[in-house]
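Data first, discussion second: the structure below is written as structure tokens.
Numbering (the working numbering), first residue to last: 8 to 257.
See the structure below:
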């Protein structure tokens, strides 16, 4: 049996789980904007949705605030994360079927989700290798109804290594400013660089370029593939399962 990716396994550690949301505010302040963009993109209320890697429930909480009638199957490999997600959702948790498992086994874990209107994920798929990500995308496509959407809000890397270095420098500067001297991990740009490098190595992060991510979605069989928001090292991308009437304009 395949072991879970290191980044997913990392959230079996209580200290990582406990600090997750606070760390996200410092390291990924665009999270709120990315989810807002993703939800604004939806043309109508989804009835059935699947969350790949619910984590602490941030995306699903926002989805249910906007569309309280949607039913969600939420998958995560960390029981501690699922516990925090249940707590965050409060009274809305009844709309969510929480399932513990490796989302690389999506077809098995969400076999009853066929015909879903929406599959979504945030800050999760970059833990997978390119071939693993392609396989998960293909499984997601088969769950969607024709015309249903996949939306992925995640990390990317720049196409050019020099540009990536500059973006990383901007990122470190922003982290130090947001930490405000309250966290020794982010005391200055050098300590921040060292911490981020250790974290990414520990998690086995494998973010791709935007071009590569879009190509994977096309290869998985999605149509209408493209970015709906991009800033530095983060992007929200989408793709639709083609309907019978779909005609490519390419």
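By construction, the Cβ of each residue, glycine as well, lies at the ideal position given by its N, Cα and C atoms. Remember, predicted model here, so these are calculated numbers, not experimental data.
Alpha carbon to alpha carbon, how far is residue i from residue j?
i: residue 103; j: residue 223; result: 29 Å
i: residue 116; j: residue 50; result: 27 Å
i: residue 216; j: residue 163; result: 5 Å
i: residue 83; j: residue 57; result: 11 Å
i: residue 101; j: residue 72; result: 13 Å
i: residue 31; j: residue 38; result: 8 Å
i: residue 172; j: residue 81; result: 35 Å
i: residue 108; j: residue 86; result: 9 Å
i: residue 48; j: residue 36; result: 20 Å
i: residue 218; j: residue 138; result: 15 Å
i: residue 195; j: residue 177; result: 13 Å
If I measure Cβ to Cβ from residue i and keep anything under 7 Å in the same chain, skipping five residues before and after, which residues do I get?
i: residue 63; result: 27, 28, 88, 91, 92 and 95
i: residue 6; result: Absent from the model: residue 6. The displayed extent of the chain is 8 to 257, so no value can be given.
i: residue 121; result: 150
Short check: CB of residue i to CB of residue j, under 8 Å?
i: residue 53; j: residue 125; result: yes
i: residue 243; j: residue 45; result: yes
i: residue 232; j: residue 221; result: yes
i: residue 151; j: residue 78; result: no
i: residue 198; j: residue 189; result: no
i: residue 42; j: residue 185; result: no
i: residue 154; j: residue 123; result: no
Please list, in chain order, all residues of the same chain as residue i whose beta carbon is under 8 Å from its beta carbon, the five residues on each side excluded.
i: residue 132; result: 59, 60, 140, 143, 159 and 161
i: residue 135; result: 12, 111, 143 and 213
i: residue 204; result: none
i: residue 174; result: 165, 239 and 240
Kindly list the residues whose CB is nearer than 6 Å to the CB of residue i, restricted to its own chain and excluding five residues on each side of it in sequence; keep chain order.
i: residue 129; result: 66 and 160
When you compare the segment 224-231 with the segment 145-160, are there three or more beta-carbon pairs, one atom per stretch, that lie closer than 8 Å? yes
With a floor of 4 residues, list each alpha helix (DSSP H) that falls wholly inside the segment 141-197, ordered by position along the chain. List check, alpha helix (DSSP H) in window: 168-186.
Going along the chain, which unbroken runs of the beta strand (DSSP E) with 3 or more residues stay wholly within the segment 48-81? 55-59
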